[in-house]
Structure formats: C-alpha cells, structure tokens
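Read the structure below first, then the notes.
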Amino acid sequence: MSGQVGFFSTFVKASKESVVQETSNKDTEESSQVNGDYNTSLIGRISDEIVESVNTEEVKSFQDWKAIYKRILLGYLVPRVFYDPNDNLSAGVFESEDDIYLAAKFGFFAVNLLAELKDWNQRKRNHQMVNDESQFEPSVNEESQMQLDTQLDAPVTSPGLQDNFPKNQNYASIMDRVMATIPCVEKLQEYKVKSISEISLDVSTVHIQLASFLNIRKVQQCKPIDASLRSMPIPSGRCHLLSRSSTPIPREWVMQNGPLHPLYSQVLSFEIMEEDILTGDQQKVRSLSQAVFGQKTRRIKIFLYDSFALAMVKIIERAETFMNSYGNKNPNQKLRLKDHMMISLKNVPAKCILPMHAIEARDHFMDHQFGKCAEYCICIGPESMMSCMTVNDTNSSNSSKNMLRFDHDDLIIDVMMKNENGEYDESYLPNGYCYSINKRVTQKIEKGEKKSFLRSSNQDMLEASKKLRKGYDTVQKLNKRNESSTGDKGTGSRVQNISSTVSFSSNKRKAPVVEERECLRLSEIESLYERNRSGPRKKREVNIMVAVLNFGAPWQTKHDLKMNVSVFDDSLTMSRPDNAGHRENSMNCVNLSVFRKNKAKFPKLIQAGDILCGSRILVDKYNGEIKLTAFDWSTIRVCRPSREALRIFQGCDEDVVIPVEDLEINPTPKSDFDFNKSQIYKLWCFAQNRMASCPNVNPQYKFTISDIEARRSRAENNESSSLLDGDLTAMVVDIIPYPESDLCLQNPKGILRLWDGTGIGRCEMLPKGFVKSAQDVRSEPSMKCLKVISDIIKRMKDGHKDYIEPQEMDGFGDSQHIEGPKQLCGRVINAIIWESSLWSFFNEIQNSGLFSLGRFIRIRNAMVKNEAPLTMHLNTNTLVTPILESTLEVKMMLKHHHHRVINNQAFNPSSAVMPIEVSPRLQDEREMIALLGDIRPKPEMENLVRCLLPTSASTNLVKFYIRDTKPAINKNGDLSWLCMAKKSPTSSRFQFMLDITDGEVELSVLVPDKVAREIFQLTANEVKVDQENDDQELCRKTRQAFDCFYRLISERKQLEGAILSMVTAENEKYFILSEVPHVVN
C-alpha cells in the first residue's frame, strides 16, 4: 500500500513542478524523478512519460496542458485500467487489485481536475477580454477550442472559486487543491464513517444506519465503452501522448448508469436520504444551522449492478404492487414509493466509493429540500467482466486471472418495506433472490462464489424505524411510561421526531387483515378425537400443516377416487415399539386418505418433503390408529419452494434460507392465502433435515431386492402371491412403456427397472410383451445413473449440509473414505405398473423435468408372484414416492454398496463403467485393488438373453450352468446314451443337447461331435468299444470322463462358453455350443 501512495504523490508532484517550471521558469530536478518501484509497471511508465513530455515540449498555454492530461489520463489510464472489460491486462501491469481500484479513483480525479482547469481557463479568458491581456492568448485556433469544449461538456462555474479572477492564481495552485483530495492510503486502514456527510475517498468502511429512497430509476442496460478505446496502442513515446485525437467519455453515462457501467450488463440507480434521529432540542439546532450555513450533505447516489439490481427490483415491484392495491381501495390518499421503503448499508468497502462526474457534482448536487447530495457515489456489483493479472514476476505464464468485484464478504444491505398496517416488515434480498433472512449467506455459481448479499433488516434498523413510525407524541408517551417505571427523568428529553417526508398519518384506513388459520399439530389430534368422538362430526374437523412422507397415485374405489398419503410434522416422536418390545429409532407418521370425485382436484404431490396445508380435515380412528380423511369439501394445497430456489438450496454447502415468496402453492388460492408462510417454510426445512438424518421407515419392515427371492419362495410354497408389506428404496434405472399397439385393460401400462445394490450381479429379462433394444439391455444401470451416484458420494465426502453422516450409519464405515463406484454390483429387476394413474404420474413429472433416470423412489405394499423373471407388481394399494438424494436410506444404500465393492464381490456385467480416476484418499491396499483393478467386463461377455434378441446368426460368449442333458445320462457311468451309431460301430459320433440356464433364461443347446470329444477327451467310437469289450484302461478313462462331466451338473459349476445362434429359412432359431466351455473361478 505504501507503494501506491508513492505513485500518486510522485505523479502529481511531477506534474505540478512541471507547471511551476513553465510559469515561473524554475528548473526542478525532482520533476523527472519517479518512484523506482514503478519503473517496470504501467503506472511508473506513464509517470515517466508525463514528466519527460512536460520537460522537453514547449507548453505555452492551457490548451497544451489540457491536451497532455486528457490524452494520458482520460485517453489511456481510465479506459485501459478501468473501462476496458474485454482487454486482458498483460503481466506486470498491476501487482494487486488494490492497485487497480486506486488507479481508477485517480483517473476520476483527473476528470475533476480537468473540469477545474477548464473552469479556471474560461474565467481567465473572460478576465483577459476585460483587461485585454495579450499574454494569455491561446495557441490553438478557434475551431480546435470549440472541439475541446464539446468533448469536456459545457463550461461550468465552480462555487469554490471567486467571481473576480485572481491574478496570482496559476496552474500550480489548482494542482495543490486537487492533490489535497487524493486518497491517503494509510488512512484507509482505520477511517470509518457513519454519515453521508463524512464520505470521502479516504474512508475504509461506510455505515449508513437508516435512509429513505429518492428518485428510483428503472433498470437500465449498460452501454459499453467505445470500441476504439479498446484498440488504442500502448503509448511508447511522446508522439502518442501529445496526439490530438480525442477519446471522449460522455457525461450522461456516468450520471445515469454510474462509473462502473462498462463492467456490467444492467444497473439500477437511486438516491437515498439519510434520516436523522434527533431529539426536540437537536431539531431546533439543526433548523437554525441550516438557515445560516445551508443544508448538510444528506443524499448520495447508489448504483446496483447485475444480480444486486435484480434483487432490489423484486422489492420495489412488491412495494409497487402493494401501493397499487392499497391505492385502489383508498383513492383519496396519495402514496409515494419512498414512504414505503427504508434502507441501511453496513460495511461498504472503500473500493465501492467512487467520485461522480465533476459537472454532475457542481450542477445537480446543490441544495434542495432534502439536503445536499454527496460528490461521491456508492457502486455495488458482483463479479464484473473485467479481469486483472496478479503477477509474481514478469513472466506471464506465472500470472493468474482474477475477475474484479465491487462487494465484500461483510457487506450488508438491509431493506424494509411498509405493510398494509403501516408497519415496517423485515425484507428480503440476497444476490438475485428475495429472501427473508437474519444472517448472511453464500451461494455457489459457475464463475465462483458470490461474496455478499442484500439481506433482511437487523434489530438496530427495526428499532430506528419504529421511532420514525411512531412519531413524537407516541414516543413521548412511551418515555413517560418508562420514567414512571425506571425513575429515569432524562428520558423525556430524548424523544424522537420525524421528518415530514417519512411521517405516516394515523387516521389512514388500514387494509383488511387476513386472519391466519390455526393448525392442529399431529400429536394433538388423538386427544381431540377422544374429546369429540361422540359429538358431531364438525367438531372433529381440523386444519393441518404437515409434511409428506409417502403417497400413492389416485385409484378408483366403489364410489370415489382415493389417494393414500403418509404425513408427519415436528410434533411426532421418533421412537415406536416393535413386536419384540424394543424401541426402533424411526419416523412416525399418520395416514391421510383423500377422496375426490374429479381426478384433477387431487393434490399435486411430486416428492417426499412436500408440505400439505389442509382445512376441514376429518379426524377418525380405524383399527386402533388415528387417521385423517379429506373429502370434497376439504381444501388441500401443496407448498414447496420453486424449482430455481430448490436448485440453490440443494447445491449450496452452507445454510441457505429460501424466502417465503418463493414458495409455490398448488392450486393457486383465489383469495389471500390464510396459512402462515413462515411456518410452512420452517416445516419444510424440518422435513428436509429429518429425512436426511433419521430413518424414514421402520427397519423391521424394510426389505431389499435380495430379500425378494425369499419372498418369492414363500409364494411358491403357498402357490399364491406374496405381499411385500414393507418399504423398498431403489433407483429407477429405466422406464419402459408397454407397446401402444397392445395396450388394453388387461395389459400393464409400463415397467420401472429398479436397482438397490443388492442381489446377484445380473439384469432380469423383460417380461413378455415388452420390447427393448439390445444396446439398452446391456447398459443397465446406465452411465447417467453412475454419475448421479458419484455426485452423491462426493457431497457425502465433502460434508455437505444434507449429507453429513448420522449415527445410524456408523456401521458402514467413514464417509471420508468412500469412493464413487466405477461399476455397479447388484441386480436389476422389473416393477410392473398396472394402474394408469400411477403411469400417468411418472409420465407427467418426467416430461416436466421433475423426474429423470437416476432418481430414487420408495415403494410400499408391492406384490411378488411365483413367476420368472423376478418381478414386482405395483397395483392400487402400492405407494410409490420419489425421494431426495439426501434421504438417509439412499446414503446407507450407497455405503452398503461400497462395502460390497471393497470385498471384491462380482459386478453386474450389464452395468456401465465409469472412467477410472485414482484418488489420493485410497490408502487401504484391498480397497485400491477392488476399486482400481480391471473391473471392466470383457466386451464379448453376454447374458443368455442376448442369444434370444438378434434375428440373424451371431456368436455370444456367455456364462451358464448345466441343468441336464437330452437324452438324460445314465447315472451308472454309461456315456453311450449320448452317442449315436451310424452304418457301423466305427462310425459312431456324439449327438446330444444341454439344458443350460443363467438364472434368468433357459436354453437347449446342441453339442457338436467335435466339442463333445474335447469335453470328454474320448471319441464316440471309444465309448461304444468300452461297452462291448472289457478293456480295463479304456473303462477307467471312460469312468473318469463321466465323473468329471456329472460333477459339473450336480455341483452347478458356472461355465463360460460361446453359443452360436442359427436362424433357419422357416425363421426357427437353434443354439449350438461352438467351443468347449471352461469353469469360471
């Protein structure tokens, strides 16, 4: 920072001494000296060239001076350093962002300096015309003079200069006055102000406790700087510096859009007026001082850029909406926007304080009824379009690109808005979204992390606004009451008063207040039922505000359509006793049945965690359990954050508060929504945290895909279907519709392909009637599913707020050592959907982008039958609920799958394979071998189902088991059953078939004689000879071959071999074992 002070002092010192040399003919050696620290930088080079130009060129008039400063400062320093967002600054230009900010401020001082010099020169010429002083004649012609005047705007009259031009005033005296306002960098460390009147470029931090809005302009599109400025060559000599080409910067740009407009795309500008909280005596003193000395500086211009501007626009639009609705009800009352909004600024950094245009400061910022306006402005914006290069040496390869920002981590902008009751509410506004919050938050975006946000009011601001709102009389009464209770007699002298601009009349008619509904908590409904069980039904109707745990699609009962929903809230306990008397730590819930005549009137639920707000819900009891019932006269609305707000909530690592205004309500209420939105949002947050940290289902009723095989064996014994009376959490890896040509009431509507990481590694074949391409069958689960799992595991390892490891997951190891799988274990099964309403639900949310492959669902009350392939059936009573990725069961599923991977369990050969990336966290050798070994399956390895799909001849390498032979072999060791003799015993050959299976498909495969000879290591002739003769050696060899082959069948050895599919002219398919199979280890 000390180097920067040296630059500025040297810069102005060299220029001033050069002027003194020109006016007083004094030679000064210091004028050619520049701080050595900047000799290799752009700033130092410009300083040297200014001094060299002034010392060597003949400067005879003010116009020559103005040309030098204009070409160097406005034509080069300001556009290049500050106004050129598309120009990548080369290495060695600046050593830090502070250099750029201070250089930019000095560039604005150059604008003010030129305005001072121009005004001085204008009055000097007027004085010359009166006194006919020929020594002040300009050296340029009149045309050039008019051109320069146009570029610098019309002449101005500085109030700081006397009307009579002093003869002893010269360029040096003006430089002294301007140099006195150059920022002192040392003071920036500690110079903090809390009033607009104290703002200058020396401040480090600005606090404005309370201010009202003035002159709010609409959002404007920023105008880029002239393209010619970006293409200006870097000056290398005096010829460039003294060039007569001009680079004007229009004054209107700075006035309307602020100094930073070339760096952003949108800007919102407004003025604020600081409110003074004064006692009665202080008010009299201020009025007297204003009459003598004029108004003090109470106003300042604020420029908000890009996301800050859009966030403020939401507040302004909300205020305008209220004013329009209130004005329609009260046409005789005049409403002004500035009377309905207050603002507070805290921790505004020095880099956000910039000077306004000199002419703007002298013309427009004069006294009026609201006080003077500061000659500075506050510019706040997120990441801009301008980059700077911070370097360690002169080599550009060591430089790093940083985008300039004009905010700070601690910057806070508090906004309050007046409601229909005449009171100020806390208001809303992080960067780009309107939030009602009480703490600073952060948000991740593609370009980086936004450092600060507009946010809601703090307590200090609320207290100050209450004093303004209540006025003198009300506060005086309160103070007298305090005096009587505390004995403090001096409180009355500290009564607050208010300016007429922000006073609120007490006789204004208040807007009608919507009375909020009182909602009964779920823990209290049983006691209400017991009190009113014998009374009229109306006494058992309640209002509820609950979160959804499970739900199903509507289905037709005898009279109405019915939807089953499981709900909970923060009043229900987490523990419930199981059948053995133990207490399981799982989520308790209450069943809600919704009856409707029209399917379109059911609540539009999307996933677990949605909030239901219901009125006139009937409380009843069935089989000893409390249940809720909603009929046609009951009103139910679904509330959830908008998709954009939910995306930010799920993608942020810290606590992010979503505003109540971003809650979507479905269906949209025709009148005022009478449920407390703040309570809705709190319940939604509670539901997200509860589902992420606690079991969503009772462990006693939880089952997996590996458990379904046992359930199916139970169905085989009973010769009936078995109900899966529990909860299955699984990933949807595919959704396959039933062919439209075959759709009818008796056929299913479609199937879901499900995976949960358990079971043997294979994919169930599709049920009869469903068609899918061979390529799709091979890629289940797909690469997209693996990417979803990898992202979840990454958030678990990074300690994301919703992925922190709870105590229930201690048995699965530490999340820090879990790695994303490169391939998936486990079985993929079918879940057939029979209900058209359930199939329509999945189609609707998939088409709207709310559901995609790789999402997790929870299934309750499915059916499994004694059939192949292994299939679940989803019917009327089945609840199918999409759940969040942060749900506890999902995290436990992935940790269990990781446990299978590191134990070298077989992968599913149909699974896609992720690219292998070595992680430095892998320390365990066994884990490294399991995760980083050759897990990619052989490209030619297939399931038996692959042999059925192609319509032409093909060869597939498959794994299978031998179930039996056709004809069946003699268990006494006779292989002659597999042989067939032709014309003579010496021409015998093997001729038989193998019944093979892989657990899903069964095939009959022809075994050629050549392959059979290699299997048995015998020829068919030798087998026939052994049956007819007593050759001991041949008998022993035949018996050994039989035992080996029979052991493959009895012990169900897994084999790997190639099967050739042949298609005849009659379109019949045969399968041939084309090579000798070998046992898989």
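With the first letter of the sequence shown counted as 1, position 520 gets the number 520 in the UniProt record's numbering; the numbers rise by one all the way through.
We put the beta carbon where it would ideally sit given N, CA and C, even for glycine.
Report yes if the C-beta of residue i is less than 6 angstroms from at least one heavy atom of the ligand MG; otherwise report no.
i: V590; result: No copy of the ligand MG appears in this structure; indeed no ligand is present at all.
Compute the Euclidean distance between the alpha carbons of residue i and residue j, then round it to the nearest angstrom.
i: P355; j: Y376; result: 4 angstroms
i: V590; j: K621; result: 11 angstroms
i: T965; j: S1074; result: 17 angstroms
i: P869; j: L752; result: 14 angstroms
i: V1076; j: K1010; result: 9 angstroms
i: A374; j: V193; result: 14 angstroms
i: Y1046; j: T876; result: 49 angstroms
i: M312; j: R637; result: 30 angstroms
i: V1001; j: K1053; result: 17 angstroms
i: I935; j: Q823; result: Low confidence applies to I935: its pLDDT is 41, below 50, so where it sits in the model is not reliable, and the reading given next is rough at best. Approximately 7 angstroms between the Cα atoms of the pair.
i: H1078; j: L605; result: 54 angstroms
i: residue 1166; j: T629; result: One cannot answer for residue 1166 here, as it falls past the ends of the chain, which runs 1 to 1081.
i: A547; j: V958; result: 49 angstroms
i: K627; j: V913; result: 47 angstroms
i: L975; j: L1003; result: 22 angstroms
i: D725; j: C694; result: 21 angstroms
i: I1072; j: T955; result: 9 angstroms
i: E1068; j: C947; result: 13 angstroms
i: T150; j: D410; result: The predicted model places T150 with a pLDDT of 41, which falls under 50 and marks its position as unreliable; any figure quoted below should be read in that light. Cα to Cα, T150 sits roughly 43 angstroms from D410.
Could you tell me if residue i is buried or exposed, where buried requires 16 or more neighbouring beta carbons within 10 angstroms of its beta carbon?
i: L304; result: buried
i: K538; result: exposed
i: V1080; result: exposed
i: T1064; result: exposed
i: N696; result: buried
i: W755; result: buried
i: T321; result: exposed
i: M691; result: buried
i: C1044; result: exposed
i: S1061; result: buried
i: R596; result: buried
i: H898; result: buried
i: C222; result: buried
i: Q266; result: buried
i: A968; result: exposed
For the beta strand (DSSP E) that residue i lies in, which residues bound it at each end?
i: S1061; result: L1055 to V1063
i: I302; result: T297 to Y305
i: F602; result: F602 -> no beta strand (DSSP E), and no H or E assigned at all.
i: V945; result: Careful: V945 lies outside any beta strand (DSSP E), inside the alpha helix (DSSP H) at V945 to L948.
i: Y264; result: Note, Y264: premise wrong, no beta strand (DSSP E); not H, not E.
i: residue 1125; result: Absent from the structure is residue 1125, since the part of the chain shown begins at 1 and ends at 1081.
i: E664; result: L663 to N666
i: R616; result: I611 to Y622
i: M563; result: L561 to F568
i: F1071; result: K1069 to L1073
i: I544; result: E541 to F551
i: L628; result: E625 to A630
i: Q595; result: For clarity, residue 595 is Phe in the given sequence; the question names Gln instead. V590 to R596 is the extent of the beta strand (DSSP E) around F595.
What residue range does the alpha helix (DSSP H) around residue i cover?
i: S693; result: K677 to S693
i: K1037; result: Q1032 to S1050
i: L528; result: I525 to N532
i: S837; result: S836 to N847
Identify every residue that forms a DSSP beta bridge with residue i.
i: C785; result: Partner(s): none; C785 has no beta bridge.
i: V732; result: L754
i: A211; result: E274 and I343
i: H408; result: DSSP, once it has assigned bridges, lists no residue as partnering H408.
i: F955; result: The identity of residue 955 in the sequence shown is Thr, whereas the question assumes Phe. T955 is bridged to L1060.
> Counting only runs that start and end within the region 855-893, where is the beta strand (DSSP E) found for 3 or more residues in a row?
Replying inline: 856-864, 871-874 and 879-883
> Hey, which unbroken runs of the alpha helix (DSSP H) at 4 residues or more fall wholly within the region 961-1016?
Replying inline: 1009-1016
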